[in-house]
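With numbering that gives the first Met the number 0 applied, the sequence shown corresponds to residues 0 to 301, in that order.
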Amino acid sequence: MTAKLIKGTEIREQILEEIASEVAQIKGKHGVVPGLVTILIGENPASVSYVTLKIKTAHRLGFKEVQDSQPENISEEDLLALIDKYNNDESINGILVQLPLPKHIDEKKVLNAIDPDKDVDGFHPVNVGRLMIGGDEVKFPPCTPAGIQEMIVRAGVETSGAEVVVVGRSNIVGKPIANMMLQKGEGANSTVTVVHTRTKDLADHCKRADILIVAAGVPGLVKPEWIKPGACVIDVGVNRVGEKVSEKTGKTIAILRGDVDFDEAKQIAGSITPVPGGVGPMTITMLMLNTMKSLKYKLGEN
Ligand code: NAD
């Protein structure tokens with residue numbers, strides 16, 4: 000058996016089309032579009048390329064996009080003042096501070112300064128609390144977990160009563176996706192186990208999973224024999240394992256590998272996400288969806 004591929008690149012296109020048509024509707028009715036500001040400190044190449052992709056996507060959707068680039072040596076005080084400015088800017092619905100921040104700036108202080116109603120990354124403690132309560136309380140689910148859940152739903156995988164095993168307990172992937180899958184509602188109602196570096200028998204837990212979500216950052220951690228035949232496998236891991244020259248551009252690019260042994264796993268799983276082209280493209284997509292939602296909350300359209 001060969002697993003069905005759950006392609007983030009395809010699901011992204013569907014969702015972006017849906018958002019673009021909503022943007023057009025709202026613009027027609029209210030004369031406004033979602034506004035997103037991306038604050039980039041310094042010139043970290045990975046951050047620059049991530050921010051560039053966000054801007055491109057926001058433009059494609061017809062958002063108002065503000066890119067606010069600040070020097071590496073900006074003071075914490077000035078950065079907090081900048082956030083305050085955007086908190087009070089009526090045309091901005093989403094504020095994103097690109098991480099990591101320079102060492103002299105307290106990341107927690109900065110993220111906590113963002114108005115929770117504009118925190119489209121979903122990292123503010125208020126939004127983490129809302130996610131924990133679930134249901135109507137949730138405003139901005141964090142983007143990568145939201146993307147994972149959306150992929151599972153759109154792939155038609157049954158989550159109600161399913162055994163979900165999450166490998167990893169980070170604040171940005173493992174803990175929030177575990178919390179989301181156990182809530183009441185569509186794409187959830189699952190029985191969830193979270194495993195991590197201190198778990199005694201990782202393989203045994205994984206073998207029980209109807210849905211296995213792996214976010215460890217360890218290439219090939221999950222072996223094919225850990226996968227229950229027919230399971231849905233979501234590989235969140237993005238690991239650089241080498242470099243190659245791109246046939247298309249002639250440029251040197253990273254060779255990426257997931258946390259799951261993909262070639263063998265796809266012979267056993269019922270459905271599986273590839274790396275790259277799986278979960279990766281979903282994160283920015285969900286950021287756009289959260290920004291759109293933020294405007295809709297403001298307009299009372301939700
Ligand atoms: P993290 O390092 O913060 O957390 C990793 C978690 O995995 C930890 O909780 C740790 O306990 C667990 N873990 C690590 N090694 C383990 C092992 N051998 N056995 C059991 N558990 C183990 O990482 P993160 O930020 O959650 O990211 C995880 C992976 O997902 C990374 O490869 C990262 O690049 C990727 N990622 C991808 C996206 C995306 O595609 N959009 C977004 C976020 C993270």
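Glycine included, each C-beta is placed from N, C-alpha and C at the ideal position. Being a predicted model, the structure only gives us computed values, none of them experimental.
DSSP state of residue i mapped onto helix, strand, coil
{"i": "V165", "result": "strand"}
{"i": "S48", "result": "helix"}
{"i": "T302", "result": "Any property of residue 302 remains undetermined from this structure, which presents the chain solely from 0 to 301."}
{"i": "A253", "result": "strand"}
{"i": "S245", "result": "coil"}
{"i": "V127", "result": "helix"}
{"i": "S270", "result": "strand"}
{"i": "E64", "result": "strand"}
{"i": "L15", "result": "helix"}
{"i": "D200", "result": "coil"}
{"i": "K138", "result": "coil"}
{"i": "R153", "result": "helix"}
{"i": "V22", "result": "helix"}
{"i": "T37", "result": "strand"}
{"i": "T192", "result": "strand"}
{"i": "Q97", "result": "coil"}
{"i": "K3", "result": "strand"}
{"i": "I226", "result": "coil"}
{"i": "Q148", "result": "helix"}
{"i": "I82", "result": "helix"}
{"i": "R59", "result": "helix"}
{"i": "L211", "result": "strand"}
{"i": "V109", "result": "helix"}
{"i": "I378", "result": "In the structure as shown, the chain starts at 0 and stops at 301, and residue 378 therefore has no counterpart that could be examined."}
Beta-carbon separation (whole angstroms), residue i vs residue j, contact threshold 8 Å
{"i": "I171", "j": "L100", "result": "Not a contact, Cβ separation roughly 15 Å."}
{"i": "T284", "j": "I91", "result": "In fact, because the Cβ distance is near 20 Å, the residues do not count as touching under 8 Å."}
{"i": "M281", "j": "I18", "result": "That pair is no contact at about 13 Å."}
{"i": "G229", "j": "G269", "result": "4 Å"}
{"i": "V156", "j": "I210", "result": "6 Å"}
Counted within 10 angstroms of its Cβ, other Cβ atoms place residue i as buried (16 or more) or exposed
{"i": "E76", "result": "exposed"}
{"i": "D83", "result": "exposed"}
{"i": "E149", "result": "buried"}
{"i": "Y296", "result": "exposed"}
{"i": "H123", "result": "buried"}
{"i": "Q97", "result": "buried"}
{"i": "I104", "result": "buried"}
{"i": "I252", "result": "exposed"}
{"i": "K138", "result": "buried"}
{"i": "I132", "result": "exposed"}
Given 8 Å, three or more beta-carbon pairs between the segment 65 to 78 and the segment 8 to 15:
no
For the segment 178 to 186 against the segment 196 to 203, are there 3 or more C-beta pairs whose distance is under 8 Å? The segment 178 to 186 vs the segment 196 to 203: no contact.
Exercise. Are three or more beta carbon pairs between the segment 44 to 51 and the segment 103 to 123 nearer than 8 Å?
Worked result: Touching, no.
**Request:** Give a yes or no on contact between the segment 184 to 193 and the segment 232 to 244, applying the rule of three or more CB pairs nearer than 8 Å.
**Result:** The segment 184 to 193, when compared against the segment 232 to 244, does not touch it at the 8 Å Cβ threshold.
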